[in-house]
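Participant: What follows is a structure written as structure tokens; I'll ask about it next.
Protein chains: 4
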Amino acid sequence: MTERIRDIAHLSTVELYTPKFEESLWFFRDLLAMREVGRTTENGGEVAYLHCWDDYEPYSIKLTEKEHAGVGRVGWRAHSPEALERTVARIEATGLGEGWVDGEQGRGRTYRFQNPDRHLMEVYFDTEWYEATDEDRPALKNQASKFPGFGANARRLDHINYLTADMAGVCEFSEKVMGGYTTEFIQLNDGDVGAHWYTFGQKSYDMVYSDDWTGTPGRLHHVAFAADTREDILKAADIFLENGIFIEYGPYKHAIQQGFFLYVWEPGGNRIELANQGSRLILAPDWKPVGWTQEERARGQAWGMKTIPTFHTHGTPVVEDADSAANPHEAPKRDEGLES
Amino acid sequence: MTERIRDIAHLSTVELYTPKFEESLWFFRDLLAMREVGRTTENGGEVAYLHCWDDYEPYSIKLTEKEHAGVGRVGWRAHSPEALERTVARIEATGLGEGWVDGEQGRGRTYRFQNPDRHLMEVYFDTEWYEATDEDRPALKNQASKFPGFGANARRLDHINYLTADMAGVCEFSEKVMGGYTTEFIQLNDGDVGAHWYTFGQKSYDMVYSDDWTGTPGRLHHVAFAADTREDILKAADIFLENGIFIEYGPYKHAIQQGFFLYVWEPGGNRIELANQGSRLILAPDWKPVGWTQEERARGQAWGMKTIPTFHTHGTPVVEDADSAANPHEAPKRDEGLES
Amino acid sequence: MTERIRDIAHLSTVELYTPKFEESLWFFRDLLAMREVGRTTENGGEVAYLHCWDDYEPYSIKLTEKEHAGVGRVGWRAHSPEALERTVARIEATGLGEGWVDGEQGRGRTYRFQNPDRHLMEVYFDTEWYEATDEDRPALKNQASKFPGFGANARRLDHINYLTADMAGVCEFSEKVMGGYTTEFIQLNDGDVGAHWYTFGQKSYDMVYSDDWTGTPGRLHHVAFAADTREDILKAADIFLENGIFIEYGPYKHAIQQGFFLYVWEPGGNRIELANQGSRLILAPDWKPVGWTQEERARGQAWGMKTIPTFHTHGTPVVEDADSAANPHEAPKRDEGLES
Amino acid sequence: MTERIRDIAHLSTVELYTPKFEESLWFFRDLLAMREVGRTTENGGEVAYLHCWDDYEPYSIKLTEKEHAGVGRVGWRAHSPEALERTVARIEATGLGEGWVDGEQGRGRTYRFQNPDRHLMEVYFDTEWYEATDEDRPALKNQASKFPGFGANARRLDHINYLTADMAGVCEFSEKVMGGYTTEFIQLNDGDVGAHWYTFGQKSYDMVYSDDWTGTPGRLHHVAFAADTREDILKAADIFLENGIFIEYGPYKHAIQQGFFLYVWEPGGNRIELANQGSRLILAPDWKPVGWTQEERARGQAWGMKTIPTFHTHGTPVVEDADSAANPHEAPKRDEGLES
């Protein structure tokens, strides 16, 4: 038995593309209660950096204006400078490295790479911690900034769920290069893996790969934020309802990983999850990965509600003729959303 | 404007029929956390009286062994002795009265009657309050008995939802004879009423009539118990899951009346709801009844989940060939329950 | 047995005096999430009308600029026009009536009076229901306006707790004239009543009288708003903490009435409670009032925390030399608040 | 910068001594909802092994009958076989090692040692995972056993808070030998450390040392279990109240570490905490330890409630004449507990 690679500490930032920059910004800032901490332009499009109230790093989401929705560059923080070097060495050995750059927004020396499915990633160690200002200084100094007290109060970025056209490739890369540890997976009847959940620490997962039905590389299933309680998620559903956000699925409890979830589509079309795991953690260093069969999946979520069809027909960017949404860049209106 | 009739104080007891007496008793006692406070036999079948921990009356449910599931006699407490007399006079004028009897289980003089759809009811004023024993004496004396601390901790009986083959008849009876006040209703496109919610006090409803698709009189849609919090209902779903109870629908939030709900089928086949209304009350004495159109209903529950088919195909007793359940006396097993 | 008087439907509005109008307005609007629905001046001071998101009436709080904090005119809605007439007749018989006026803010013909402790009150039936605008139209039409989704999200005005220098007088008036029904009370060792809880419907209380240690008539102990869940109250505590509001007591659970509570002082000095009763209601029309002895009170709140000293030394308006607060018009700063 | 030692994965088991074995067993089994999974005798006293429903290891608590309350041997699981060897080597270098033994209850090769304050500990890697039986097999296979659905439903052992007479010694040992990482600490005005919080992973702490006012080595402040939600902790308070358990403090929210807490004394006298951290985790691999001054501590807990005196006068075993409890082996009765 060789020791587990534990060089990546956690998922730290996600870049999201949106064709509706202002509406998406409103969603993250006014409904998820994130703070805009930086603004620039790139390739003629707007870019906003947004920070969750208890993320210690300078930003959680980079929102980038683009023709279509989807996921851009995702950041992973290494556990130490040495861990960063070891990780980069393993990446370079795969030929998927892009090289060192100066990091954005207070992030130091950063190594960029892709996974085998062409998802853009980067890894780094040096970072400037978030500094609260007079406007968002917290009453208790052991949190990053003031509790917002509105909207969904997203505490921190929680995990990313990628669609992949190369499950075998991304799994090998995730395990051998990045050091992800499998906690749960779906095993289809034909032998293929339907989805794979990876953790880099004690959370039950930080990164997921789900099979892309269209065979298109580099797509996104969803990005998730941690809510403090299940009640917060129930309240958030009310808030999304009042604000015309398309509620796709939930609030309800997953069978896999047992998280309490709520999926909505932000105005740009990306699927966003609010997630809560209660006190569930994976403390076992040798956790035995839990596999779910197709039959077990057919039983639905924890309390029996079936998985909805759009979970298997909507990803970003939308693939015309392959994904089912009428307008690939737009969330369905609430009333015409799903067939009953 | 004549003053509202306010002679009935509240729903107090429901008799439920079950073809699986022991299993149903286990459900109410061990999962809903009700206490068995009396046992007898009637017509060769077992009868158990069961008490919710904070109901002030001597029992909440009378569980009666019978060939088929369904609802038996339902008790309503009058607001005063005078209110009882006035109510009985109005019932007698309709010809639906059955006459006075001695009440069961510490209940005094009781008048029995039927509604126009042959649901059995009774009204009374005199009652013996529940007396806790050494085993269930509460630490705080302003509650009826000790908080159970297990299962669903059903606090009190909350409401009854009847199926009816005579909507016009039961509505007129509910309003003019019983003094029910309409808070919400469903107005179908053909002009018929799909369902009607009545309150007798400040709760948003105590009694509901839903249209019976089979045209059979006297059936039950569900009986509901009040849970203290939404979290209690989420926990109850876990407990039902662990104990093999068929979870039909929920936990989720209704659009109509906005209650947080969980519907399960007790082992005898009757649909049981756990309900929570938060702090929502109907304080307005002249509340303007809220009508929902067929189109509005098609949008689903509060957060968009559609109403499930069994809500319109399962009632008790089951009507063979009309209701869809394969075995009329049995809840579907979890896995074969609903089509996805 | 004569039938209970049931002529008053519910507490509908409270006028609060504040020496710090802008700060108080900020508290109710930005922290309790009430909407300002009207603004005027009276006697040279500012007046704002504020509405809780699910109150059906046009306003919940009238905030009036004044030299000192305290309670002004409190409104009670009658159950019907006939109930209004009967109530006014009983008031007039006591000599405490002030006469009919045109109501404020869409309220119709209104009868003004005082209780024997000189608390100002009024009773009426005609009222214009709150009409949501494009800005606060709710997604679900069975609620008064859009769920705010920020701050404490105070759903509705819940109850008022008066200090009184004439317990016997106000109790007789509450019961015989107003028709309040006693649900709980504190019986001191010397035979005096320490506090008295009255309901006008099925909530466990709407109005409380607590003994005023200074012997000054017409003062206020606190005004309470209903929060939907206990979690809402826990979140509200975080929000008050972040915004520098003095948290006096809680969140915790009362033994008396068992409500989950949080007491803060709004910037003007008035004590404000957020309260949640879960599913607890008083359904019994002949509820047996629960009396608590001084010894029972000494055990503290439900889970044992003692009642804090300021509960018996702070009321509004503050009585100099009698109440203990250093500055009668000001809440103590968080750090210098209570002695440990 | 050298890399952090990360050889210990988590706290896994705590041995508790109790002079009231049967009552303590009832507390853990019937109120915390732990399952008795083994029974033996040691030195003439009873021993029970108890398992929390979602701990993957074979037991969480070893309850050992003894003359006095207190903490016995505490188990730490190493991250890997190699991590175990490295840890043992560091321990042996300090001279505090006791040597290898065969582990109890399915635990493999185990190395025993003491910290500098004579708290008994052990470290190991090999362990048999908990195997659910027909009686406690869970519906969802990604949890260790069936959700109990009663009492406090303690999910897993969470942390231990030791009293220490040698703060400098235990801190050096915790950091340099065990590899604990400091997340928060209290810095007294005289320069001494009042308490120190250590994590071994991503939880905000697993082990705490608090200054022992009596100067006695080897004592316990409390052991904590993770509850899934804050609502679970509020319910648990009701259950403890109904069952006559001494509620010392809470439910409330800590300023330090921000956990929602409830402290009770189990019948043997040991302080037990139910704790919930919501979604708060320490993801930063270079978390900057948060220090609290004496002045900051004087502000009380998160929402202002002061720390109670018994927090600084009760530890186990009780030190006669030094700790303040009248009867050192017994929890105070609820009514005579704390001075108001």
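As they're listed, the protein sequences go chains C, W, V and A.
Mapped onto this note's numbering, the consecutive letters of the first sequence carry residue numbers 569 to 908.
Mapped onto this note's numbering, the consecutive letters of the second sequence carry residue numbers 569 to 908.
Mapped onto this note's numbering, the consecutive letters of the third sequence carry residue numbers 569 to 908.
Mapped onto this note's numbering, the consecutive letters of the fourth sequence carry residue numbers 569 to 908.
Backbone N, C-alpha and C define an ideal beta-carbon position, used for all residues, glycine too.
Out of C:Pro706, C:Thr884, C:Ala792 and C:Ala651, which one is the CA nearest neighbour of C:Asn844?
Facilitator: Working through the first sequence from its first residue, we reach residue 844 of chain C at position 276. Taking only the C-alpha atoms, the option nearest C:Asn844 is C:Ala792.
Participant: Regarding V:Thr701 and the ligand FAD, is the C-beta to nearest heavy atom distance less than 8 Å?
Facilitator: Ligands are entirely absent from the displayed structure, and the ligand FAD is therefore not among its contents.
Participant: Is C:Pro706 helix, strand or coil by DSSP?
Facilitator: Here residue 706 of chain C refers to the residue found at position 138 when the first sequence is read from its first residue. Three-state result, C:Pro706: coil.
Participant: Around the C-beta of C:Lys856, are 16 or more other C-beta atoms found within 10 angstroms, so that it is buried, or is it exposed?
Facilitator: Position 288 of the first sequence, counted from the start, is the residue given in the question as residue 856 of chain C. When all chains shown are included, C:Lys856 counts as exposed.
Participant: Within 9 Å (strictly less), CB to CB, does V:Asp889 reach chain C?
Facilitator: For the purposes of this step, residue 889 of chain V is taken as residue 321 along the third sequence, with counting starting at 1. It does not: the Cβ of V:Asp889 has no partner Cβ on chain C nearer than 9 Å.
Participant: Against chain V, does A:Gly812 count as a neighbour if the rule is that its beta carbon must be under 9 Å from one of theirs?
Facilitator: Numbered from 1 along the fourth sequence, position 244 holds the residue referred to as residue 812 of chain A. No, because no Cβ of chain V sits closer than 9 Å to the Cβ of A:Gly812.
Participant: Does V:Ala873 come within less than 9 Å of chain A when only Cβ atoms are used?
Facilitator: Reading the third sequence from its first residue, position 305 is the one you call residue 873 of chain V. The sequence given here has Met at residue 873 of chain V, not Ala. Output row for V:Met873: interface = yes.
Participant: Contact criterion: CB-CB distance below 9 Å. Does A:Ala894 meet it with respect to chain V?
Facilitator: Position 326 of the fourth sequence, counted from the first residue, corresponds to residue 894 of chain A. Caution applies to A:Ala894, whose pLDDT of 41 falls short of 50 and renders its modelled position unreliable; the value that the coordinates give is listed next. No, its Cβ sits nowhere closer than 9 Å to a Cβ of chain V.
Participant: Specify, as a first and last residue, the run of the beta strand (DSSP E) that A:Met735 falls within.
Facilitator: For this step, residue 735 of chain A is matched to residue 167 along the fourth sequence. First-last for A:Met735: Met735 to Glu740, but that is the alpha helix (DSSP H), not the beta strand (DSSP E).
Participant: Measuring alpha carbon to alpha carbon, tell me which residue in A:Ser847, A:Val761 and A:Glu696 is nearest A:Glu771.
Facilitator: Looking up residue 771 of chain A in the fourth sequence gives position 203. Just to set this straight, residue 771 of chain A is Lys in the shown sequence, not Glu. Per the Cα distances, A:Ser847.
Participant: Taking the alpha carbon of A:Ala646 as the point to measure from, which residue in A:Ile801, A:Ala852, A:Gly769 and A:Arg839 has its own alpha carbon closest?
Facilitator: Within the fourth sequence, the letter at position 78 stands for residue 646 of chain A. The residue with the shortest Cα to Cα distance from A:Ala646 is A:Gly769.
Participant: Can you pull the chain V neighbours of W:Ala657, defined as C-beta to C-beta under 9 Å?
Facilitator: Locating residue 657 of chain W in the second sequence gives position 89, counting from the first residue. Residues of chain V passing the Cβ test: none, with the nearest at roughly 16 Å.
Participant: For C:Asp779, which residues does DSSP report across the bridge?
Facilitator: Residue numbering aside, residue 779 of chain C sits at position 211 when the first sequence is read from its first letter. Answer is C:Thr732, bridged to C:Asp779.
Participant: Distance check for W:Arg572 and V:Glu650, CA to CA, integer angstroms please.
Facilitator: Mapped onto the third sequence, residue 650 of chain V falls at position 82. Mapped onto the second sequence, residue 572 of chain W falls at position 4. The alpha-carbon atoms of V:Glu650 and W:Arg572 are separated by roughly 11 Å.
Participant: Just the Cα atoms here: how many angstroms apart are V:Thr701 and V:Pro716?
Facilitator: In the third sequence, residue 701 of chain V corresponds to position 133, counting from 1. In the third sequence, residue 716 of chain V corresponds to position 148, counting from 1. Cα to Cα, V:Thr701 sits roughly 14 Å from V:Pro716.
Participant: Taking 9 Å as the threshold (C-beta atoms), are A:Gly671 and A:Val582 in contact?
Facilitator: Here residue 582 of chain A corresponds to residue number 14 of the fourth sequence, with the count starting at 1. Here residue 671 of chain A corresponds to residue number 103 of the fourth sequence, with the count starting at 1. No, the pair does not count as a contact, with Cβ atoms beyond the cut-off.
Participant: Of all the beta strand (DSSP E) runs that stay within the bounds of the stretch 755-805 of chain W, which reach a length of 3 or more residues?
Facilitator: Fully enclosed beta strand (DSSP E) runs of 3 or longer: 761-767, 775-779 and 788-794.
Participant: Our contact map puts V:Leu788 next to V:Gly663 with C-beta atoms below 8 Å; I'd like the distance itself, whole angstroms only.
Facilitator: The sequence position of residue 788 of chain V within the third sequence is 220, counting from 1. The sequence position of residue 663 of chain V within the third sequence is 95, counting from 1. Contact flag wrong, Cβ pair sits at about 24 Å.
Participant: Roughly how far, in whole angstroms, is the beta-carbon of V:Met746 from the beta-carbon of V:Tyr777, given that I think they are within contact range, below 8 Å?
Facilitator: The residue given as residue 746 of chain V occupies position 178 in the third sequence. The residue given as residue 777 of chain V occupies position 209 in the third sequence. Contact flag wrong, Cβ pair sits at about 12 Å.
Participant: Taking beta-carbon pairs under 9 Å, can you tell me which members of the stretch 789-816 of chain V lie near chain A?
Facilitator: So the list reads Thr797, Arg798, Glu799, Leu802, Ala805, Asp806, Phe808, Leu809, Phe814, Ile815 and Glu816, given in the order they occur along the chain.
Participant: Fully enclosed by the stretch 588-638 of chain C, which beta strand (DSSP E) runs are 3 residues long or longer?
Facilitator: List check, beta strand (DSSP E) in window: 603-610, 613-619 and 629-633.
Participant: Check A:Pro877 in the structure and name its three-state DSSP category.
Facilitator: The residue you call residue 877 of chain A lines up with position 309 of the fourth sequence. Note: A:Pro877 maps to helix in three-state DSSP.
Participant: Would you say A:Pro819 faces chain V, with C-beta separation under 9 Å as the test?
Facilitator: Position 251 of the fourth sequence, counted from the start, is the residue given in the question as residue 819 of chain A. Chain V, which has a Cβ nearer than 9 Å to the Cβ of A:Pro819, makes this yes.
Participant: Could you check whether C:Ile807 and C:Val858 sit closer than 9 Å to each other, using their CB atoms as the reference points?
Facilitator: Numbered from 1 along the first sequence, position 290 holds the residue referred to as residue 858 of chain C. Numbered from 1 along the first sequence, position 239 holds the residue referred to as residue 807 of chain C. It is not a contact, given that the beta carbons lie outside the stated cut-off.
Participant: Pull out every residue of the stretch 696-712 of chain C whose Cβ sits closer than 8 Å to any Cβ of chain V, in chain order.
Facilitator: Answer set for the stretch 696-712 of chain C: Pro706, Ala707 and Leu708.
Participant: With 16 as the cutoff for other CB atoms within 10 Å, does V:Thr751 come out buried or exposed?
Facilitator: To locate residue 751 of chain V, count along the third sequence from 1; it is residue 183. Buried, by the Cβ-count rule.
Participant: So what's W:Gln862 in DSSP terms, helix, strand or just coil?
Facilitator: Counting from 1 along the second sequence, the entry for residue 862 of chain W is found at position 294. W:Gln862 falls in the helix class under three-state DSSP.
Participant: Quick check on W:Gly676: buried or exposed, where buried means 16 or more other Cβ atoms within 10 Å of its Cβ?
Facilitator: Position 108 of the second sequence holds residue 676 of chain W. The residue in question, W:Gly676, is exposed, as its Cβ has fewer than 16 Cβ neighbours within 10 Å.
Participant: Measure the Cβ-Cβ separation of C:Gly812 and C:Ala637 and say whether it is below 9 Å.
Facilitator: The sequence position of residue 812 of chain C within the first sequence is 244, counting from 1. The sequence position of residue 637 of chain C within the first sequence is 69, counting from 1. No; because the gap between Cβ atoms is not below 9 Å, this pair is not in contact.
Participant: Are the CB atoms of V:Asn721 and V:His790 within a distance shorter than 9 Å?
Facilitator: Counting from one through the third sequence, the residue named residue 790 of chain V turns up at place 222. Counting from one through the third sequence, the residue named residue 721 of chain V turns up at place 153. No; because the gap between Cβ atoms is not below 9 Å, this pair is not in contact.
Participant: V:His619 to V:Glu703, Cα distance in whole Å?
Facilitator: In the third sequence, counting from the first residue as 1, residue 619 of chain V sits at position 51. In the third sequence, counting from the first residue as 1, residue 703 of chain V sits at position 135. One C-alpha to the other measures close to 14 Å.
Participant: Can you name the residues of chain W whose CB is closer than 8 Å to the CB of A:Phe718?
Facilitator: Indexing the fourth sequence from 1 puts residue 718 of chain A at position 150. What A:Phe718 touches in chain W: Gly717, Phe718 and Gly719.
Participant: Applying the criterion that 16 or more other CB atoms from any shown protein chain within 10 Å of the CB defines a buried residue, is W:Trp833 buried or exposed?
Facilitator: Counting from one through the second sequence, the residue named residue 833 of chain W turns up at place 265. With 16 or more Cβ atoms within 10 Å of its Cβ, W:Trp833 is classed as buried.
Participant: Which residue from A:Tyr624, A:Ala577, A:Gly612 and A:Leu631 puts its Cα closest to that of A:Glu591?
Facilitator: For the purposes of this step, residue 591 of chain A is taken as residue 23 along the fourth sequence, with counting starting at 1. Looking at the Cα atoms, A:Leu631 is the closest of the given residues.
Participant: Could you tell me which of C:Arg574, C:Ile659 and C:Ala794 sits nearest to C:Leu688, measuring between CA atoms?
Facilitator: Taking the first residue of the first sequence as 1, we reach residue 688 of chain C at position 120. Answer by Cα proximity: C:Ile659.
Participant: Would C:Tyr714 pass as an interface residue toward chain V - the criterion being a Cβ-Cβ separation below 9 Å?
Facilitator: By one-based count along the first sequence, residue 714 of chain C stands at place 146. Checking the sequence shown, residue 714 of chain C turns out to be Lys, not Tyr. With 9 Å as the cut-off, C:Lys714 counts as an interface residue toward chain V.
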